[in-house]
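The sequence shown lines up with residues -6 to 133 when you count with the numbering used here. Don't be surprised by glycine CBs; every beta carbon is placed ideally from N, CA and C. Quantities reported herein were computed from a predicted structural model and do not represent experimental measurements.
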Amino acid sequence: MTEYMKPLPCPDADTTAYWQWAKRHELRMQRCADCGEVRFPPRPMCPACNSQRDEWTAMSGTATLYSWVVVHPPVLPAFAADAPYAVALVQLDDDPTLRLVGTVSDVAADELAAGMPLEVWFDDVTEDVTLPRWRRRQPA
């Protein structure tokens, strides 16, 4: 594996489980164990009922492109070779209130369209870190 030179996530007490599931190539979200509210980013208390009990529930991994921005130079040196590139906001099909930021790996920035169906894939960027990324959804 070549050395990954871009910034990596720094998991904390609330986000460690998210990154552990990603390492297993599973997209899971924190769900309140009392009221069932799904939340992202992970946090210690449910914003709906104030419970501190949670569980991690599997998501389908399907989403739609909600919005995006195309990043142009100047950028940080670690991202210079990628520019211009799109940063996407995807809306999970399981729960439209959940939106994640990421990259769409197989679509040129000028081909992106709101509502485009996407699916998650997992990029093992180091031995310890796996990043969820997005690609055009494959036909079933």
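Rounded straight-line distance, which links the Cα of residue j to that of residue i
i: Val100; j: Val80; result: 12 angstroms
i: Cys42; j: Ala76; result: 42 angstroms
i: Arg32; j: Ala6; result: 15 angstroms
i: Asp117; j: Tyr(-3); result: 10 angstroms
i: Leu58; j: Thr90; result: 13 angstroms
i: Thr119; j: Phe72; result: 17 angstroms
i: Thr55; j: Ala107; result: 15 angstroms
Integer-rounded CB distance, given that residue j should sit under 8 angstroms from residue i
i: Trp12; j: Pro2; result: 6 angstroms
i: Leu85; j: Val97; result: Between Val97 and Leu85 the Cβ distance is about 15 angstroms, and since that is not below 8 angstroms, they are no contact.
Assigned secondary structure, residue i (DSSP; H/G/I helix, E/B strand, else coil)
i: Glu30; result: coil
i: Tyr11; result: helix
i: Ala102; result: helix
i: Pro70; result: helix
DSSP bridge partner residues for residue i (one or two, in chain order)
i: Glu56; result: Here the sequence assigns Ala to residue 56, which means Glu is not the residue at that position. The partner list for Ala56 (beta bridge, DSSP) reads Leu85 and Leu111.
Practice item. Would you be able to state if there are at least three C-beta pairs under 8 angstroms between the stretch 42 to 53 and the stretch 22 to 32? Key: yes
Review point. Are the stretch 119 to 133 and the stretch 86 to 96 touching by the rule of at least three beta carbon pairs closer than 8 angstroms?
Key: When C-beta atoms of the stretch 119 to 133 are compared with those of the stretch 86 to 96, three or more pairs fall below 8 angstroms, so the two segments count as touching.
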